[in-house]
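Whatever position you read off the sequence shown (first residue = 1), add 588 for the working numbering. In this text, a Cβ means the ideal position worked out from N, Cα and C, and glycines have one as well. Each remark here refers to the structure printed beneath this line.
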Amino acid sequence: IALLHHRAAGGDTECADAEGELGSIPHQLRGSLRRFDLLRITGNAYARCTACSDVVVRLYRERGWDFVFDALNMPAYLEEVTGLAKMKADAEALDVDFEWDDESDEEE
């Protein structure tokens, strides 16, 4: 969505609640049918963001539509270039054995 609001693709690319030409650009909109309202959700910049991290913005500026083409045609491409794939592999390599307390669920 933010790319649609960029002025000639040279606008602000930070992950923030930015003001665009059409107003505020939140990261997410979540709605509630029960309350008939919308929540505008924003967050802080994340170095591994697959939408606006420095590496993604740099690659988009350098490669343009070739970058977009690769991101669309290779499912793991953005995870690789942002470092998410390595982070996931490192987390899985920790091999932490969690013990879940199933008894408390059964007692209720």
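May I ask you to report which of helix, strand or coil DSSP gives residue i?
i           : result
residue 697 : Because the chain is modelled from 589 through 696, residue 697 falls outside the range shown and cannot be assessed.
residue 625 : strand
residue 649 : helix
Skipping 5 residues on each side, what residues in its chain have a beta carbon closer than 8 Å to that of residue i?
i           : result
residue 676 : 667
residue 664 : 673
residue 624 : none
Hey, residue i and residue j: beta-carbon distance below 7 Å or not?
i           : j           : result
residue 657 : residue 648 : no
Once the 5 residues before and after residue i are set aside, which same chain residues still bring their CB inside 6 Å of it?
i           : result
residue 626 : 617, 619
residue 680 : none
residue 632 : none
residue 653 : none
* Answer yes if the region 665-674 comes into contact with the region 639-646, meaning at least three C-beta pairs across the two stretches below 8 Å, and no otherwise. => Enough Cβ pairs lie closer than 8 Å, so yes.
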